[in-house]
Amino acid sequence: MTTEDVTVKSEGMTVSRMIWRRYRRRMPGLAEQVFAINPGLAAVSPILPVGTTFKMPVVSDQPQTVKVIRLWG
8 MTTEDVTVKS
18 EGMTVSRMIW
28 RRYRRRMPGL
38 AEQVFAINPG
48 LAAVSPILPV
58 GTTFKMPVVS
68 DQPQTVKVIR
78 LWG
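Whatever position you read off the sequence shown (first residue = 1), add 7 for the working numbering.
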């Protein structure tokens, strides 16, 4: 898994908000991955201090395609 370094640059940021700002969509399970990659990040504070740097997994920006199965026709 590839990661990128992310730095908190504004006040009031949480891990979930940082994920939203990066991807602009819901990313189920990504916050848990961030905490798994960065041991001790959860102990810092729910609101991350400005200047905090942590690793975030890189996720493909392409939406996943879903194969549609038609029952009739």
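The beta-carbon is built from N, C-alpha and C at its ideal position, and this holds for glycine as well.
Quick one, are the C-beta atoms of V15 and G47 less than 8 Å apart? As a working mapping, residue 15 is identified with position 8 in the sequence shown. As a working mapping, residue 47 is identified with position 40 in the sequence shown. No, Cβ-Cβ distance for V15 and G47 is not below 8 Å.
According to DSSP, is L3 helix, strand or coil? Beyond the ends of the chain as shown, which are 8 and 80, falls residue 3; an answer cannot be given.
DSSP three-state call for V13: helix, strand or coil? As a first step, residue 13 is located in the sequence shown; it is residue number 6 there, counting from the start. Three-state DSSP puts V13 in a strand.
Straight-line gap, R29 to R77 (C-alpha atoms, nearest Å): By one-based count along the sequence shown, residue 29 stands at place 22. By one-based count along the sequence shown, residue 77 stands at place 70. Answer to the nearest angstrom: the Cα atoms are 35 Å apart.
Assuming D12 and K74 make a contact with CB atoms under 8 Å, what is their CB distance in whole Å? On the sequence shown, residue 12 is found 5 positions in, with the first residue counted as 1. On the sequence shown, residue 74 is found 67 positions in, with the first residue counted as 1. Not quite, the Cβ-Cβ distance comes to about 36 Å (not below 8 Å), so this is no contact.
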